[in-house]
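K.L.:
Chains as they are written, first to last, in my numbering: chain V, 1 to 244; chain D, 1001 to 1456. Sharing a structure below in structure tokens format, with a few things to ask.
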């Protein structure tokens, strides 16, 4: 078995250590004897995206994000939409998550159109939501508790065509008001969680990998791993956030 | 009335500082905070008539400030400086109070001031420096500044308050160099000409042209996003440096550099290892020249400048020799890891990670640092981790290829100290800021050294 991972826009969307998610997925596949290739697709490289099983899109700076929009409208948006509708797996963090939505309205009222791949939109605000946070994944995503670090000015609101990824336990999540965090649509996972999110949340990581393998091979069984280091790091943060 | 408030603010600040020291606490920020409450214009008042160089930037501030102090020490010049890394407005104010007469008149003619990026606009506006030195801009404390370009905006705001200041800017950092465009200030650029790394730029903190958005290309690349950059679309490019390293030869414990300045060529010795210290030396030389100090004496003094306060510092605990290398962001960490990987001897590496406010509460940057290369090149029998986020550090090392079974988590400073004493080999500690303060305090007490605010 093998998963082909595609890291989209590693040259632009590369803030906050999010590339650690790729290291995490790669190791957890390799430790189980499952093959893994990682292809980086920077700005401007043409590729129809049909040769990959799992896509990773990280967060970026506002300045860099505007560079991206012209590349997205030059065909990449349709490729991403097709791959998502086809049930391929996406993990999108923060700015990468926002980009899947219809747009971003800045604090001073300017509207920036995004890809419109998912039914969600984001509003800018001047006060950023920053800090360690936690949420419980919905049942379709495994129900485990995810801990991470959020750092965003944008407030994201979900439309009726998509589901939240989880329910906020500590911190702000999507918008600080409706108690939702992230998005889930088919095999697309969007979240505000940096950290990076996967290493300290091995159950979530394995859930994502399992889904990608099942789509490709019909059925997949992931051998349990020794997660004592992961459990210890989780325990320290869960205690600090008063989650038992 | 103003006279009286200055007097009162100074008095309170001195008293608070004295009391804190009696209690055995560092007390570098709090007394200044109170003094500024009493008289908000205090720093501007105390800075009047003092020729000041303000140093800011992500990495190298403290080492470069140390080099400048060393130049003045060598020349026997009196100056004031915020030396224990107290680089917020409050700490700087306290330093000026200490070095003023009780009526708020400066008692020293020169000041070397290290400023945190966030406080830089306020510090510049108050001090009206003669020279502003910006070392570089890397990702650091994103939880505080948001993004690298936001940090750049803070610096631009500070520069705008001080149009008489000479700007000394790192030409090899496109973000830093951009601060010199379109400003009325005189600008002195410095950079490295004679080095080219064979490694790709990798994750860059500034991949795209700040003017038109095109991806930068490099004629030469030194490390991180530093090098001889240019934009293939709009033609923006690295400014020609006025102070440059034409050639760099690594030597035992340092570098030999062929220096080019408007005065001509000469050889200098930098007594700290690694290329980033060559950048620090160039920065110090550019600033010293702009201050009008004797260029030859300044260059000569670099040959015997030792390590600074946790930034590659050595001490001996029992029979164990310990080196402390401060790491606080990916770019600096990669340099430290490269140093660790190339050390010829077997060492016990100890990685320390805290997430206090002064560290930045977001520790995710450790995943942007290249620990993978270290473990691809070196195997360690034992590795130590320590700090409020020791669990995250352990996880990072595990996913970078370290054998989790070799990683020891020290729960307390005493555990760490025991491990150091019983290491049976040299120890290399890589802490971030507040974990460095704690570890350094503990180990230097065992080594018979002083507490951190007494250090040079």
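Even for Gly, the Cβ is constructed at its ideal location relative to N, Cα and C. If you're wondering where the values come from, they're calculated on a predicted model, not measured in any experiment.
Indicate the three-state DSSP secondary structure (helix, strand or coil) for residue 1197 of chain D in the structure shown.
P.N.:
Correct three-state label for residue 1197 of chain D: coil.
K.L.:
Is it a yes or a no for the region 110–121 of chain V touching the region 27–34 of chain V, going by three-plus beta-carbon pairs under 8 Å?
P.N.:
Contact between the region 110–121 of chain V and the region 27–34 of chain V is absent, because fewer than three Cβ pairs lie under 8 Å.
K.L.:
Quick one: does residue 1391 of chain D have its CB under 7 Å from some CB of chain V?
P.N.:
With 7 Å as the cut-off, residue 1391 of chain D counts as an interface residue toward chain V.
K.L.:
Tell me which same chain residues have a C-beta within less than 8 Å of the C-beta of residue 1214 of chain D, skipping the five on either side of it?
P.N.:
Around residue 1214 of chain D: 1208, 1231, 1232, 1233 and 1234.
K.L.:
Hey, is residue 1438 of chain D's beta-carbon within less than 7 Å of any beta-carbon in chain V?
P.N.:
For residue 1438 of chain D, the answer is no, since every Cβ of chain V falls outside 7 Å of its Cβ.
K.L.:
So what's residue 1038 of chain D in DSSP terms, helix, strand or just coil?
P.N.:
Three-state result, residue 1038 of chain D: helix.
K.L.:
Leaving out five residues before and five after residue 1162 of chain D in sequence, what residues of the same chain have Cβ atoms less than 7 Å from its Cβ?
P.N.:
Only 1124, 1128, 1129 and 1132 meet the Cβ criterion.
K.L.:
Here's the rule: buried if 16 or more other CB atoms are within 10 angstroms of the residue's CB, otherwise exposed. What is residue 1450 of chain D?
P.N.:
Here residue 1450 of chain D scores only 49 on pLDDT, less than 50, and its place in the model should not be relied on; the value that follows carries that caveat. Exposed, because fewer than 16 other Cβ atoms sit within 10 Å of the Cβ of residue 1450 of chain D.
K.L.:
Is it the case that the Cβ atoms of residue 1240 of chain D and residue 1188 of chain D are separated by a distance below 7 Å?
P.N.:
Taking 7 Å as the Cβ cut-off, residue 1240 of chain D and residue 1188 of chain D do not qualify as a contacting pair.
K.L.:
Expressed to the nearest angstrom, what Euclidean distance is found between the alpha-carbon atoms of residue 1302 of chain D and residue 1258 of chain D?
P.N.:
Their Cα atoms are separated by approximately 13 Å.
K.L.:
Tell whether a beta-carbon distance below 7 Å holds between residue 166 of chain V and residue 138 of chain V.
P.N.:
Yes. Within cutoff.
K.L.:
Does the distance from the C-beta atom of residue 1316 of chain D to that of residue 1438 of chain D stay below 7 Å?
P.N.:
Not in contact: residue 1316 of chain D and residue 1438 of chain D (Cβ atoms no closer than 7 Å).
K.L.:
Given that residue 13 of chain V touches chain D, what residues does it touch there, using C-beta distances under 8 Å?
P.N.:
Near residue 13 of chain V there are no residues of chain D at all, since even the closest Cβ is about 11 Å away, more than 8 Å.
K.L.:
Which residues in chain D have a C-beta closer than 7 Å to the C-beta of residue 207 of chain V? List them in chain order.
P.N.:
Under the 7 Å cutoff, chain D gives no residues; its nearest Cβ is about 18 Å from residue 207 of chain V.
K.L.:
How many whole angstroms separate the CB atoms of residue 90 of chain V and residue 55 of chain V, which I take to be in contact at a CB cut-off of 8 Å?
P.N.:
The pair is a contact, with the Cβ atoms about 5 Å apart (cut-off 8 Å).
K.L.:
Compute the Euclidean distance between the alpha carbons of residue 1445 of chain D and residue 159 of chain V, then round it to the nearest angstrom.
P.N.:
Residue 1445 of chain D and residue 159 of chain V: Cα-Cα distance of roughly 60 Å.
K.L.:
Among V:151, V:187, V:184 and V:186, which has the Cα closest to the Cα of residue 172 of chain V?
P.N.:
Measuring from the Cα of residue 172 of chain V, the nearest candidate turns out to be V:151.
K.L.:
With which residues is residue 1229 of chain D paired in a DSSP beta bridge?
P.N.:
Answer is D:1218, bridged to residue 1229 of chain D.
K.L.:
Okay, do the region 1033–1043 of chain D and the region 1006–1022 of chain D touch, 3+ Cβ pairs below 8 Å being the bar?
P.N.:
Result yes; three or more Cβ-Cβ pairs closer than 8 Å.
K.L.:
Does the beta-carbon of residue 1393 of chain D have 16 or more other beta-carbons within 10 angstroms, so that it is buried, or is it exposed?
P.N.:
Buried, by the Cβ-count rule.
K.L.:
Looking at the structure shown, is residue 1420 of chain D part of a helix, part of a strand, or coil, going by DSSP?
P.N.:
If DSSP states are grouped into helix, strand and coil, residue 1420 of chain D belongs with the helices.
K.L.:
Measure the CB-CB distance between residue 957 of chain D and residue 24 of chain V and report whether it falls below 7 Å.
P.N.:
Coverage of chain D is limited to positions 1001 through 1456, which leaves residue 957 of chain D absent and any answer about it impossible.
K.L.:
Quick check on the DSSP output: what are the complete beta strand (DSSP E) runs of length 3 or more inside the region 61–148 of chain V, in order along the chain?
P.N.:
List check, beta strand (DSSP E) in window: 89–93, 103–105, 111–113, 120–123 and 129–137.
K.L.:
Rounded to whole angstroms, what's the CA-CA distance from residue 1182 of chain D to residue 126 of chain V? Just pull it up for me.
P.N.:
Rounded to the nearest angstrom, the two C-alpha atoms are 28 Å apart.
K.L.:
Can you find a CB in chain V that lies within less than 7 Å of the CB of residue 1229 of chain D?
P.N.:
Answer no: the Cβ-Cβ gap between residue 1229 of chain D and chain V never drops below 7 Å.
K.L.:
Do we get a CB-CB distance below 7 Å when we pair residue 192 of chain V with the residues of chain D?
P.N.:
Chain D, which has no Cβ nearer than 7 Å to the Cβ of residue 192 of chain V, makes this no.
K.L.:
Rounded to the nearest angstrom, what separates residue 41 of chain V and residue 76 of chain V at their Cα positions?
P.N.:
One C-alpha to the other measures close to 11 Å.
K.L.:
Look at the Cβ atom of residue 182 of chain V, then the Cβ atom of residue 190 of chain V, and state whether they are nearer than 7 Å.
P.N.:
Contact flag set, yes.
K.L.:
Taking 7 Å as the threshold (beta carbon to beta carbon), is residue 224 of chain V in contact with chain D?
P.N.:
Closer than 7 Å: no.
K.L.:
Determine, for residue 24 of chain V, whether the minimum Cβ-Cβ distance to residues of chain D falls below 7 Å.
P.N.:
Closer than 7 Å to some Cβ of chain D, the Cβ of residue 24 of chain V qualifies, so yes.
K.L.:
Which of the residues in the region 1290–1307 of chain D, read from start to end, lie with their CB under 7 Å from any CB of chain V?
P.N.:
Those would be none; no residue qualifies.
K.L.:
Can you tell me whether residue 1118 of chain D is helix, strand or coil according to DSSP?
P.N.:
Residue 1118 of chain D falls in the coil class under three-state DSSP.
K.L.:
Which two residues bound the contiguous alpha helix (DSSP H) that contains residue 1186 of chain D?
P.N.:
Where residue 1186 of chain D is concerned, there is no enclosing alpha helix (DSSP H), given that its DSSP letter is neither H nor E.
K.L.:
Could you tell me whether the Cβ of residue 1368 of chain D comes closer than 7 Å to any Cβ of chain V?
P.N.:
True, the Cβ-Cβ gap to chain V drops below 7 Å.
K.L.:
Does the Cβ of residue 1216 of chain D have 16 or more other Cβ atoms within 10 Å, making it buried, or fewer, making it exposed?
P.N.:
So residue 1216 of chain D ends up on the buried side.
K.L.:
Compare the C-beta of residue 107 of chain V against all C-beta atoms of chain D and say whether one is closer than 7 Å.
P.N.:
No - not a single Cβ of chain D is within 7 Å of the one on residue 107 of chain V.
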